[in-house]
């Protein structure tokens, strides 16, 4: 059977046969089969691919896809306490409105004059995040926190000429796997222990493991396990004492209330923008940001695009362009540039800019405060359940906390299964990634949780563990 | 009242939106709020206090974040105005971002992306609660297998370049498993493949060897033969390359690499003209990647989020990033049983909405539709090619008289010689008629390059408008070459003075940096 095409398809204007004939005639061909004359016959397909038949209408497609998506139970249907790198926050309506604008949604790589809005918006995004982290340089966003952290480590390695990076043992396994692959084969990671009681980085162990081979000390604050690391300044100091860099990963939703890492010695800051206006999207809302001081030695190591404000040929008009373009693999040096650049997560950068513009200083403070209060309340109430420790670590937490179920005699898997029956997504089971914590789960409480939500969780857990 | 005269197919009356919006910080007015934030319940406050006083003094932020304070409607208006100053594919005849395959992104797919079953699902939810999502990823995998001939796909990479990095990681893992990782430290690519085909493998520690084109524009086989050896880890190549020339001897290239123990990695960023026509497998590749945001229609979003789907042969499946998505006959599940996995390329399972939209697009076209896409993309391209090559000032090196696939890299060398007007000047002037125009990646191997890729999206009328606009401008170049110096005239912004962009004293990457460098002195 000869290969068939799909005529009069709404996405393909020239699938109209009469038009095709006219165009074929213009180029001296008789039929569409004569196109692709350059492809050797032996590697051409001889019949149509074996794919499901096309839907006959947009309506049928919509019905089918809606049916598939409705098989998912969303966090609108269920009460969600999962975080661990993807967090449920309120997404202001204006964020969705702006990132749905067709002009932004479908733009790509235009020039600073015809994609002026894209350049200004991303410059503003850089500027807004710069205030949040109190640093002067922020990149056009990369893939996710993991990618941003991996690149931060590579930047530090290039700047110091060293090949070792120290990371806390409390790091997220997912993120760590991304970093290790990206930094292989030349960079070695060494894990630093944390204090079992407080979760804080063990400074003695850090001092033991740091050396003149250390390119950077990477920590996270708040940590993956939710506690606030209080020794940021000491850690940066220990790094700087051996001429290593201090790199800090941060959840930006905490920075209304927490000190930005630049103020305790961080040289490079990285993190994820998803909390700033992105829906969870099954993990598709992640976008990584990076920030440094405005020093040539840092700026020239970024692989990302950096949009700068510029003069134009008209006095008093703002223009924008790429700063130090030849750093990137898009420049003349190709693989001689820094790492590589390409399509990353620009639309989420635009959205994060909109979010921060809406929130303002008061909003970011209030966000942090509500999260602190709600999560402390949850810890306190969970603590009252027999056998449950609301927070494994004896430290102040932000948004997330490791709930200790070891004394309940039940596994997190069992508990989560029962919670699911009650319409609740319990916290991430830590028993696989952190066996030393036994049966513990990472719970996430944000500004979207009401007192009733938290009380419902607590009663459900009490019922499950006491049954 | 007369109708608009359309006899000239050029939008001479065009002007892009120009709002002269301030920088967002300049809109700040103390006390204004953009959105109100949920507050903790009074009873919670009673129980735990203000929450923040528990933060140690070293970790408590001392000063409020210096963000602007702006009312909601003003924030909205600011960003809507900036969107209007952005030339997305929804508003222009998108031909001039050559090699980027910017095509129509169906709105129905966007609307599906907003449903709670997509937007409001968490990646760590129990598998039983995300069966629809897993089914979509699994079914997309099956479709990609059929389209490429590969045996298994991962959707973790969230861009083409990250996909190339994933392929370079797979190459490393493969040779590591064979005990040849130290011996095989060279990657061969071609000068007309994407810069990331060199840059991403270089990141993974490989030496890069470039093959230049022969007189017909094919990668030079003799040069290739002389560099393939027991040191070759892999061959990374696009086909067609960015010239639109399809390497007819591709099988000889892949065979030679295999004979020498290397792997063949296919950058399928340029796959749009090949869907249902020819596949990676038959050409002898061990792995390939597709950009779902290009070939499979998902919107580019000003540069992501996106997906670079990586497919491999059965032999390489054990090295893939984990988890893979599988189906046991009853339910879909995350399969972590990938014995030699390279680890992870991105957190969680990739950019799920992009996978969903690509799947919906495939389902709206089927095999016949995908074939039609390829045929029309090539028809459109060769129609433009024919029309433009009729012009004296346009040429395209290589394979004279033969077809190109889905794009062409032209040269305006003669125009530049005759008039002094360069391809960069043409690029700026095209904007005055609402059109994108792209020259080439760097460095320019073809002088005064112009790269156009029409895809299947434009109609014949659209193609004619683009061609007529180019002709109009070429004509201007001969008649009034001085006009180009100050173009564009009808854009949101005039010519940007880039002189400060490479000067650390003068560049300003954020507003606060601008204030420090330009107003506080």
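Residue numbers (this note's numbering), protein chains in the order written: chain A, 288 to 754; chain B, 724 to 1244. We put the beta carbon where it would ideally sit given N, CA and C, even for glycine.
Distance between beta carbons of residue j and residue i, contact taken as under 8 Å
i: residue 712 (chain A); j: residue 298 (chain A); result: About 37 Å separates the two Cβ atoms, so there is no contact after all.
i: residue 990 (chain B); j: residue 860 (chain B); result: Wrong, their Cβ atoms sit about 23 Å apart, outside the cutoff.
i: residue 510 (chain A); j: residue 549 (chain A); result: Going by Cβ atoms, the distance from residue 510 (chain A) to residue 549 (chain A) rounds to 18 Å, so no, they are not a contact pair.
i: residue 915 (chain B); j: residue 891 (chain B); result: With 8 Å as the limit, residue 915 (chain B) and residue 891 (chain B) do not qualify as a contact, their Cβ atoms being about 19 Å apart.
i: residue 795 (chain B); j: residue 599 (chain A); result: Between residue 599 (chain A) and residue 795 (chain B) the Cβ distance is about 30 Å, and since that is not below 8 Å, they are no contact.
i: residue 793 (chain B); j: residue 647 (chain A); result: 7 Å
i: residue 1098 (chain B); j: residue 319 (chain A); result: 5 Å
i: residue 688 (chain A); j: residue 696 (chain A); result: About 21 Å separates the two Cβ atoms, so there is no contact after all.
i: residue 575 (chain A); j: residue 434 (chain A); result: 5 Å
i: residue 659 (chain A); j: residue 845 (chain B); result: Wrong, their Cβ atoms sit about 22 Å apart, outside the cutoff.
i: residue 942 (chain B); j: residue 960 (chain B); result: 7 Å
Beta-carbon proximity of residue i to residue j, cut-off 9 Å
i: residue 572 (chain A); j: residue 519 (chain A); result: no
i: residue 1019 (chain B); j: residue 977 (chain B); result: no
i: residue 417 (chain A); j: residue 639 (chain A); result: no
i: residue 503 (chain A); j: residue 532 (chain A); result: yes
i: residue 302 (chain A); j: residue 833 (chain B); result: no
i: residue 753 (chain B); j: residue 1191 (chain B); result: no
i: residue 1108 (chain B); j: residue 1149 (chain B); result: no
i: residue 812 (chain B); j: residue 395 (chain A); result: yes
i: residue 609 (chain A); j: residue 623 (chain A); result: no
Reference residue i; option with closest CA among the options
i: residue 800 (chain B); options: B:830, B:829, B:750, B:849; result: B:750
i: residue 529 (chain A); options: A:540, A:453, A:483, A:543; result: A:453
i: residue 757 (chain B); options: B:768, B:780, B:798, B:724; result: B:798
i: residue 1067 (chain B); options: B:831, B:896, B:795, B:855; result: B:896
i: residue 629 (chain A); options: B:1028, B:1060, B:1078; result: B:1028
i: residue 645 (chain A); options: A:377, A:592, A:674, A:449; result: A:377
i: residue 605 (chain A); options: B:740, B:1220, B:734; result: B:1220
i: residue 1032 (chain B); options: B:767, B:1179, B:907, B:884; result: B:884
i: residue 480 (chain A); options: A:474, A:494, A:470; result: A:494
i: residue 612 (chain A); options: B:1164, B:820, B:975; result: B:1164
Residue i at chain B interface by Cβ criterion, 9 Å
i: residue 510 (chain A); result: no
i: residue 774 (chain A); result: The question about residue 774 (chain A) has no answer, for chain A in this structure spans 288 to 754.
i: residue 489 (chain A); result: no
i: residue 573 (chain A); result: yes
i: residue 686 (chain A); result: no
i: residue 557 (chain A); result: no
Element boundaries [beta strand (DSSP E), containing residue i]
i: residue 988 (chain B); result: 986 to 990
i: residue 558 (chain A); result: 555 to 559
i: residue 379 (chain A); result: No beta strand (DSSP E) holds residue 379 (chain A); DSSP gives it neither H nor E.
i: residue 1014 (chain B); result: 1010 to 1014
i: residue 594 (chain A); result: 594 to 599
i: residue 1047 (chain B); result: 1047 to 1050
i: residue 930 (chain B); result: 930 to 934
i: residue 477 (chain A); result: 475 to 479
i: residue 1172 (chain B); result: 1172 to 1175
i: residue 506 (chain A); result: 501 to 507
Segment limits, alpha helix (DSSP H) that includes residue i
i: residue 855 (chain B); result: 854 to 871
i: residue 835 (chain A); result: The displayed coordinates of chain A run from 288 to 754. Any statement about residue 835 (chain A) would go beyond what the structure contains.
i: residue 981 (chain B); result: 973 to 982
i: residue 419 (chain A); result: 403 to 420
i: residue 832 (chain B); result: 830 to 836
i: residue 361 (chain A); result: Residue 361 (chain A) -> no alpha helix (DSSP H), and no H or E assigned at all.
i: residue 912 (chain B); result: No alpha helix (DSSP H) contains residue 912 (chain B), which is instead part of the beta strand (DSSP E) from 909 to 913.
i: residue 493 (chain A); result: 490 to 496
i: residue 670 (chain A); result: 633 to 670
i: residue 439 (chain A); result: 432 to 447
Within-9 Å CB hit, residue i to chain A
i: residue 671 (chain B); result: Only positions 724 to 1244 of chain B appear in this structure, which leaves residue 671 (chain B) out of reach.
i: residue 1069 (chain B); result: yes
i: residue 1188 (chain B); result: no
i: residue 1050 (chain B); result: no
i: residue 1170 (chain B); result: no
i: residue 1025 (chain B); result: yes
i: residue 1231 (chain B); result: yes
i: residue 1180 (chain B); result: yes
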